[in-house]
Amino acid sequence: MARYLRPTTLEEALALRAQAGETPLTLLAGGTDVYPVRTQKIAWFQPFSRDVLDLGAVPELSGIQHDAAGTRIGATATWSALAEAELPPTFDALKQASRQVGGVQIQNRGTIGGNLCNASPAADGVPPLLVLDAQVELASRRGRRRLPLADFVLGNRRTALAPDEILVAIHIPAQPESARSTFLKLGARAYLVISIASVAAIIATDAAGLVLGARIAVGACSAAPQCLATLEARLIGQPAGDLAALVQPEDLAALAPIDDVRASAAYRRDAALVLVRRALTQLADKPMEAAA
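See below:
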């Protein structure tokens, strides 16, 4: 019978993680991914084959703090907490994604850290965090380190998390006051669906309405969500109202969509192009005053 471990401090959790060594240990946060994956493979009445490390009682892993220096989101912060947090309009994309992760019950239990560590190509939390230049904070008994999110999510169900590490928090640097963001998701229906394609975008403009900075990330169209660096660079200095017309199919050349039960690769690529254009149109329609 596998053990169920529920530490109440980060130090205790890290000690248990280290003791496991190379032995597989199931990290449990909200449980919204752990349990469905398990029931796919074995009958529900069979015990877990691995020890379970429940992180839900570790205070340091929770909470959302925002100030002039930046924002810290604890790994066990729920989607509902994110959606309800008092954050500036720069975080609209992340809040919009939070309201589309499953239903309300999933949003109340599911955690942002779990979403990142699960590393699904269609993870709704990754594109909005990529455009916010998020970093992840990882801890072990050896110490702590930070990685850009793009260097943490390596591919389908693969991350840079070491066997003795725990994801502690997500850190987002201070954003320009003129920045505003949006998130768009395409699925077979409006809610309770895995993305066929998703897009998060953020732009910052000057007083004349010219783009000072742009970040655009596409999800569910590659092994890991990724930013469109070439397009981002080309938008700098352009009038914010004209951005959608500048997006061309070749701007998405770095994507590698697949054929699966939800959509074909060709459909995903076309959908991503439409979503990028729609996102930029939405941002052009948002007044700067709302983002200040």
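Count the sequence shown with my numbering and you get residues 1 to 292, in order. The beta carbon of each residue, even a glycine, is placed where N, CA and C say it ideally should be.
> Helix or strand or just coil, what does DSSP make of Lys185?
Replying inline: In the three-state scheme derived from DSSP, where H, G and I count as helix and E and B as strand, Lys185 is classed as strand.
>> Only counting the same chain, and skipping five residues up and downstream in sequence, which positions put a Cβ closer than 8 angstroms to that of Ile101?
In response: Note that residue 101 is Val in the sequence shown, not Ile. Result list for Val101: Trp79, Gln107, Gly110, Asn115, Asp124 and Gly125, in chain order.
> My guess is that Gly74 and Ala204 are in contact by the Cβ rule of under 8 angstroms, so how many angstroms apart are they, rounded?
Replying inline: In fact, because the Cβ distance is near 27 angstroms, the residues do not count as touching under 8 angstroms.
> From Asp251 to Pro128, what does the alpha carbon distance come to, in whole angstroms?
Replying inline: Using only the alpha carbons, I get a separation of about 19 angstroms.
>> Does Thr159 come out as helix, strand or coil in the three-state DSSP assignment?
In response: Strand at Thr159.
> When DSSP labels each residue in this structure, what does Cys221 get in the three-state scheme?
Replying inline: Coil at Cys221, not helix or strand.
> Are at least three pairs of beta-carbons, each pair with one atom in the segment 156-167 and one in the segment 127-143, less than 8 angstroms apart?
Replying inline: A contact between stretches requires three or more CB pairs, one per stretch, nearer than 8 angstroms, and the segment 156-167 meets this requirement with the segment 127-143.
> In whole angstroms, what is the alpha-carbon distance linking Pro47 and Asp33?
Replying inline: Per-residue confidence for Pro47 stands at a pLDDT of 45, beneath the threshold of 50, marking its modelled position as unreliable; no derived number is given.
> According to DSSP, which residues form a beta bridge with Gly70?
Replying inline: Gly70 pairs with Asp67 and Pro173.
>> Determine whether the beta carbon atoms of Leu298 and Thr90 lie at a separation below 9 angstroms.
In response: Because residue 298 is not part of the residues shown, which for the chain are 1 to 292, the question remains open.
> Ala105: buried (16+ other C-beta within 10 angstroms of its C-beta) or exposed?
Replying inline: A quick correction: the sequence has Gln, not Ala, at residue 105. Here Gln105 is exposed. Its C-beta has fewer than 16 other C-beta atoms within 10 Å.
>> My output table needs one value for Tyr4: the three-state DSSP class, helix, strand or coil.
In response: Look at Tyr4 here: in three-state DSSP terms it is strand.
>> Mapping the DSSP letters down to three states, classify Leu210 as helix, strand or coil.
In response: Of the three classes helix, strand and coil, the one that applies to Leu210 here is strand, per DSSP.
>> So if DSSP puts Pro239 in a beta bridge, which residue, or which two residues, is it bridged to?
In response: Pro239 pairs with Leu210.
> What does DSSP give as the partner residues of Gly143 in its beta bridges?
Replying inline: Beta-bridge pairing links Gly143 to Ser140.
>> If I follow the unbroken beta strand (DSSP E) through Thr205, where does it start and stop?
In response: Where Thr205 is concerned, the enclosing beta strand (DSSP E) starts and stops at Ala197 to Thr205.
>> Can you look up Asp51 in the DSSP assignment and give me helix, strand or coil?
In response: Strand at Asp51.
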